Amino acid sequence: MASTHFGFKTVDEQEKARHVRGVFDSVAPRYDVMNDLMSAGLHRIWKRYTITVANPQPGDQVLDIAGGTGDLSLAFARKVGSTGRVVHTDINEAMLREGRSRLLDLGIVLPTMVCDAEKLPFTSGSFDFVSVAFGLRNMTHKELALAEMHRTLKPGGKLLVLEFSRVAKPLEKAYDWYSFNILPKLGKLVANDEESYRYLAESIRMHPGQEELRQMMRTVGFGHVDVHNLSAGVVALHVGIKC
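Counting along the sequence shown from 1, when you hit position 86 you're at 86 in the UniProt record's numbering, and nothing is skipped either side.
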């Protein structure tokens, strides 16, 4: 059996999805609260920046992968309007339910479905934009998922990958101390789940850095990839264009 990483642990490839599902089943009810606390609200600015860079227009077709509690789906929906479409997806049903309930409470009804980013159930060339925010690092076969995102985009379409990345060197020690000392304790206090937030810190370290991810996107077919470092590289936005 092939193996892969789950945080710093090595697990069977077929088991990783189950482990990741367990993490997000556990954190789903407190996910938004924890995001605000962990990032001091910065995640909202990072997502607004992503929408600004995307610049969606009325009538555009959007696929939001690992859409979770629906932040990007909601922002895209407001931009594309009634003539456009945003498909809100996640592999984790608990997260998707949280997002769908939140969107419905705001009067937003979107196509919502559980699906695996490595096997997207959409026709090739269906979307003007594909987005994935803080989800790529949890995928077992990232290259396969990126290739599927490329396939479902129209020519000229954009993939937007918002993800934790490599922080600037002068901040590494402080960032590591926060990640492995404060973050798990915060998870235990607020979400009653220390281990899931320890996994979060570990998964960030195992995820490809800015240049490695850029090359992965180019390898699967994106003709042009821009990298936007946000908050000193704590997060990076990769924007790939399907030529």
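Think of the CB as a built atom: it goes at the ideal place given N, C-alpha and C, for glycine as much as any other residue. Since the model is a prediction, treat every value here as computed from it, not as a measurement.
Residue 31 and residue 142 have their alpha carbons spaced roughly 23 angstroms apart. The three-state secondary structure of residue 124, taken from DSSP, is coil.
Residue 73 has its alpha-carbon roughly 13 angstroms from the corresponding atom of residue 44. When the Cα atoms are used, residue 83 and residue 231 turn out to be separated by approximately 35 angstroms. Between the segment 173-181 and the segment 198-205, the count of Cβ pairs shorter than 8 angstroms is three or higher; the stretches touch. Taking a 10 Å sphere around the C-beta of residue 165, we find 16 or more other C-beta atoms and assign the residue as buried. Residue 197 sits close to residue 184, with the two beta carbons spaced by under 8 angstroms. Straight-line spacing of the CA atoms in residue 236 and residue 96 works out to 24 angstroms. Linking residue 187 to residue 138 through their CA atoms gives a straight-line distance of about 18 angstroms.
Taking the C-beta atoms as reference points, residue 56 is found no nearer than 8 angstroms to residue 87. Cβ atoms of residue 122 and residue 63 come within 8 angstroms of each other, at about 7 angstroms. Under a 10 Å Cβ-count criterion, residue 101 is classified as exposed, with fewer than 16 other Cβ atoms of the shown protein chains found around its own Cβ.
Per DSSP, reduced to three states, the secondary structure at residue 74 is helical. Residue nearest to residue 190 within the set 4, 173, 77 and 36 is 36 (criterion: CA-CA distance). For residue 172, the closest alpha carbon among the candidates 225, 234 and 115 is that of 234. DSSP, reduced to helix, strand and coil, places residue 187 within a helical segment of the structure shown. For the pair residue 75 and residue 160, the CB atoms are not nearer than the 8 angstroms cut-off. The residue among 91, 145 and 162 with its C-alpha nearest the C-alpha of residue 238 is 162. Residue 40 counts as exposed, since fewer than 16 other C-beta atoms from the protein chains shown sit within 10 angstroms of its C-beta. The continuous beta strand (DSSP E) containing residue 61 extends over residues 61-65. Around residue 220, the same chain offers 143, 146, 147 and 150 as residues with beta carbons nearer than 7 angstroms, after the five sequence neighbours per side are excluded. Sorting 59, 33 and 47 by C-alpha distance to the C-alpha of residue 228 places 47 at the top. Here residue 131 has 64, 72 and 160 as same chain residues with Cβ atoms under 6 angstroms from its own Cβ, once five neighbours each way along the sequence are excluded.
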